[in-house]
Amino acid sequence: MAKKREVTYFVVIENLKLSHKLTIGPVELEPLTQEKFQELIDKVNIGLDKKSYYFAEEKDRETFKQLQMQPVLSQFTPKAHAALASTRLFVRGAANDFVIAHKRFQDVLHLLRFCGGFVYKKGSKANAYIGLRGELYWGYRAYLTFSDEAEWGFGQHRVGYLFPFDLTQKRLELFRKNELDTFSAVFSKPLNEQTDIEKRLISSITWVSRSTFELSESEQFILLCIALENLLGGDIKKSITKTLTERLALLLEDEHDKRIEIANQTLEIFRIRGEVVHTGQPNDASKLLEQLPLAFEYINRAIVKTARLMKELKWNEISDFTSYLTELKVA
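Okay, structure coming up:
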């Protein structure tokens with residue numbers, strides 16, 4: 462049997478401003494300082510020194526080391542607003558450790574983007590633009606116009622990340638009030654040990670995170686609707702919109718009038734969703750822009766409320782969740 466070995470993966474997260482160490486699930490985050498960078502370089506050098514002795518000539522050894530070091534220098538060099546993420550795995554033989562590590566990093570990014578929705582207003586896109594180094598972008602869309610009177614104009618629209626995702630202690634406290642630690646505990650579990658309701662929560666968080674990357678408001682809107690359907694409607698066989706609407710209203714509010722308001726808004730959200738899915742665009746774009754922040758607010762609140770109830774009432778199955786909502790409806 463192959464010997465079990467410990468492997469630690471490191472990646473750089475761009476545009477994440479971090480002043481302290483933070484552990485989320487199986488991933489540790491820390492500032493990418495010059496000191497930390499030098500620590501990584503020293504470890505790489507130890508390994509390269511061992512391998513370089515395959516070459517008889519000193520100059521060949523140095524050339525080999527320089528070539529091997531170049532990717533590290535280019536990808537892990539400290540930059541403003543970058544953090545270092547690491548995760549440790551124990552593997553035996555030809556394991557798919559890279560796939561596991563990559564999923565862990567992406568899960569943490571999805572969770573931070575989701576939590577960012579409680580800080581950054583929808584539309585600012587600030588919560589979207591953290592990602593592994595090489596995934597992010599920024600730039601300008603340029604527009605040149607001419608009129609029939611020989612007048613011309615030039616404009617630019619900024620796309621990509623605008624300013625850092627600043628994870629201050631105050632914001633971290635806000636994230637924790639919105640169940641960051643609950644989600645972190647779920648991410649720490651192996652997939653086969655997560656309950657049905659935990660898997661549903663993680664999946665919904667992922668859909669919300671993906672919506673933040675979309676430049677198209679229609680695409681954002683559809684992904685948020687998918688998140689709502691995923692969280693509240695996985696067991697529905699018929700009358701999906703009606704049941705989703707009822708469940709969301711019951712989950713988010715206690716007062717009858719407020720439930721009616723949420724139900725009406727949710728019906729409108731899914732009416733617009735139907736237009737976008739079937740025709741590619743809403744009949745009235747202003748209606749979509751009006752409902753987009755509400756869809757974002759509702760799914761974020763629903764995910765947090767579900768996580769809180771799951772923890773308090775010790776839910777394991779989706780049926781625990783739906784039974785709770787049914788009891789509220791009957792009451």
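Numbering (my numbering), first residue to last: 462 to 792. For every residue, glycine included, the Cβ atom is placed at its ideal position computed from N, Cα and C. Source: prediction; values computed, not measured.
C-alpha distance - residue i paired with residue j, whole-angstrom precision
i                 : j                 : result
arginine 549      : asparagine 506    : 21 Å
tyrosine 470      : serine 547        : 5 Å
tyrosine 785      : valine 473        : 42 Å
arginine 632      : asparagine 725    : 32 Å
threonine 643     : phenylalanine 636 : 11 Å
histidine 480     : glutamate 491     : Just to set this straight, residue 480 is serine in the shown sequence, not histidine. So the alpha carbons of these two residues sit roughly 7 Å apart.
leucine 570       : alanine 768       : 18 Å
phenylalanine 626 : lysine 703        : 37 Å
histidine 563     : asparagine 557    : 10 Å
lysine 650        : isoleucine 663    : 12 Å
histidine 717     : serine 780        : 24 Å
lysine 790        : isoleucine 721    : 13 Å
leucine 641       : leucine 483       : 12 Å
leucine 770       : glutamate 634     : 20 Å
glutamine 752     : glutamine 529     : 52 Å
valine 488        : leucine 534       : 23 Å
cysteine 576      : glutamine 681     : 17 Å
proline 754       : valine 620        : 20 Å
threonine 727     : glycine 694       : 14 Å
proline 743       : threonine 787     : 33 Å
arginine 594      : valine 468        : 20 Å
glutamine 655     : glutamate 714     : 28 Å
Cβ separation of residue i and residue j, assumed to be a contact under 8 Å, to the nearest whole Å
i              : j                 : result
glycine 486    : phenylalanine 648 : 3 Å
asparagine 476 : leucine 628       : No, asparagine 476 and leucine 628 are not in contact; Cβ-Cβ is about 11 Å, not under 8 Å.
alanine 763    : leucine 709       : 6 Å
valine 560     : arginine 466      : Wrong, their Cβ atoms sit about 17 Å apart, outside the cutoff.
leucine 712    : leucine 689       : With a Cβ gap of about 11 Å, leucine 712 and leucine 689 do not count as contacting.
asparagine 639 : valine 765        : 5 Å
leucine 749    : isoleucine 733    : 5 Å
aspartate 657  : glutamate 523     : So it is not a contact: roughly 56 Å between Cβ atoms.
Assigned exposure category for residue i - 16 Cβ within 10 Å defines buried
i                 : result
alanine 499       : Note on residue identity: the sequence assigns glutamine, not alanine, to residue 499. Exposed.
glutamate 496     : exposed
leucine 493       : buried
tryptophan 613    : exposed
arginine 565      : buried
alanine 792       : exposed
glycine 616       : exposed
proline 532       : exposed
glycine 592       : buried
tyrosine 590      : buried
glycine 578       : buried
phenylalanine 782 : buried
isoleucine 701    : exposed
aspartate 568     : buried
phenylalanine 537 : buried
arginine 602      : exposed
glutamine 630     : exposed
leucine 573       : buried
leucine 774       : exposed
alanine 795       : Residue 795 cannot be examined here, being either before or after the span of the chain that is shown, 462 to 792.
alanine 611       : exposed
glutamine 756     : Here residue 756 turns out to be alanine, not glutamine, going by the sequence shown. Classification for alanine 756: buried.
Under the three-state DSSP convention, the category residue i falls into
i                 : result
glutamate 736     : helix
glutamine 742     : coil
lysine 772        : helix
arginine 720      : helix
phenylalanine 624 : coil
glutamate 610     : coil
isoleucine 591    : coil
alanine 756       : helix
leucine 597       : coil
phenylalanine 674 : coil
glutamate 640     : coil
leucine 693       : helix
Cβ-heavy atom distance, residue i to the ligand ATP, below 7 Å
i           : result
leucine 483 : No copy of the ligand ATP occurs in the structure displayed, which carries no ligand at all.
CB contact check: residue i to chain C, cutoff 8 Å
i           : result
alanine 646 : Among the protein chains of the structure shown there is no chain C, as only one such chain exists.
Which ranges would you report for the beta strand (DSSP E) in the stretch 507–584 if only whole runs of at least 3 residues count? Restricted to the stretch 507–584, the beta strand (DSSP E) segments that are unbroken, complete and at least 3 residues in length are 543–553, listed in chain order.
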